[in-house]
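Chemist: Just so you know, we're using the numbering used here here: the sequence shown kicks off at 5 and counts up by one. The C-beta atom is built at its ideal place from N, Cα and C for all residues, glycine as well. Bear in mind the structure is a predicted one, so any value in this text is a computation, not a measurement.
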Amino acid sequence: MSKEYVWSPSSAGFYPVIEKERLEATGGWPKDGVDVSLEEYAALFPAPLGKYIDTVDGRPGWVDMPPPTAEQREEAARSKQVSLRAKADSEITWRQDAVDIGEATEKETADLNLWKKYRVLLMRVETSNPLWPPTPEG
5 MSKEYVWSPS SAGFYPVIEK ERLEATGGWP KDGVDVSLEE YAALFPAPLG
55 KYIDTVDGRP GWVDMPPPTA EQREEAARSK QVSLRAKADS EITWRQDAVD
105 IGEATEKETA DLNLWKKYRV LLMRVETSNP LWPPTPEG
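1) Here's the rule I'm using: 16 or more other beta-carbon atoms within 10 Å means buried, otherwise exposed. How should R26 be labelled?
2) On a Cα-Cα basis, can you pick out the residue from R63, D58, A81 that is closest to P70?
3) Less than 8 Å separating the beta-carbons of V60 and G37?
4) For A114, decide whether its Cβ has a neighbour in chain C, counting only Cβ atoms nearer than 8 Å.
5) The alpha helix (DSSP H) that contains I96, what's its start and end?
6) Quick check: the segment 76-84 against the segment 119-137, are there 3 or more CB pairs under 8 Å?
7) Counting pairs of Cβ atoms below 8 Å between the segment 98-109 and the segment 46-53, do you hit three or more?
8) What are the start and end residues of the beta strand (DSSP E) that includes K55?
9) Would A4 and W119 qualify as a contact pair, given that the criterion is a beta-carbon distance under 8 Å?
10) Less than 8 Å between the C-beta atoms of D56 and E8, yes or no?
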């Protein structure tokens, strides 16, 4: 087993052995490095869904990702809300144009009202505990 990489528990990172001299010269070579073979390194990629590489018993290994914090969940909900709002705005705009110029079909007029209602409900979603309204498409 030839060593190709070094794993640093303190930085949770891999360092190619071929770069050792250069990194030592700049103070970037880890003092706590653990030898890792090419086979061991390759077996860690890609990481399974919901896992990341960290130190397990002094060696690199997969660990479970921690659940998102309340702040991260709320930020994700705000991001989703912005994305859904952009979609609703786009669907409303062209239908409203058709209504404004007297070219809307009955279905387009009905769908316009559904999209407007959806947009109102969407903007009322509490991002700390989101309950998403169904889209008019569904």
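Modeler: Answer, in terms of the structure:
1) exposed
2) D58
3) no
4) This model lacks chain C altogether; it includes just one protein chain.
5) 74-104
6) yes
7) no
8) 55-60
9) Because the chain spans 5 through 142 in this model, residue 4 falls outside it and cannot be assessed.
10) The sequence given here has Tyr at residue 56, not Asp. No, they are not a contact pair.
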